[in-house]
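What follows is one structure encoded as structure tokens, with my remarks underneath.
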Amino acid sequence: MVFQYYPDTDMLYIKLAEGESTESEEVAEGVVLDFDARNRVIGIEIENASKFIDLSRLEVLALPIANLVLTKKEPSKT
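Below, the structure written as structure tokens:
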């Protein structure tokens, strides 16, 4: 599972599984589910994320995480 935030558009994307999105459905205002060819949810897009979610904190409870990777976006070189 991957959480990726795009500050320029204030969009949070939660990638639940590998795969290519073949269909998307807006299930609530600003919340879009991406489905693969087998109709499995593979991603969740949340528009205007900072208005609904505290992005300064991430809490993980009782997940059997074997590998935790924290990455920081590298500044662009100009």
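If you read the sequence shown in the working numbering, its first letter stands for residue 545, the second for the next number, and so on. We treat Cβ as the ideally placed atom computed from N, Cα and C, and that holds for glycine.
Lys595 sits in a helix when the DSSP states are folded into three classes. The beta-bridge partner set that DSSP reports for Glu567 consists of Phe579. Counting C-beta atoms within 10 angstroms of its own C-beta, Leu556 has 16 or more neighbours from the protein chains shown and is therefore classed as buried. DSSP places Lys559 in the strand class (E or B) of the three-state scheme. At the C-beta level, Leu599 and Tyr550 stay beyond 8 Å of one another.
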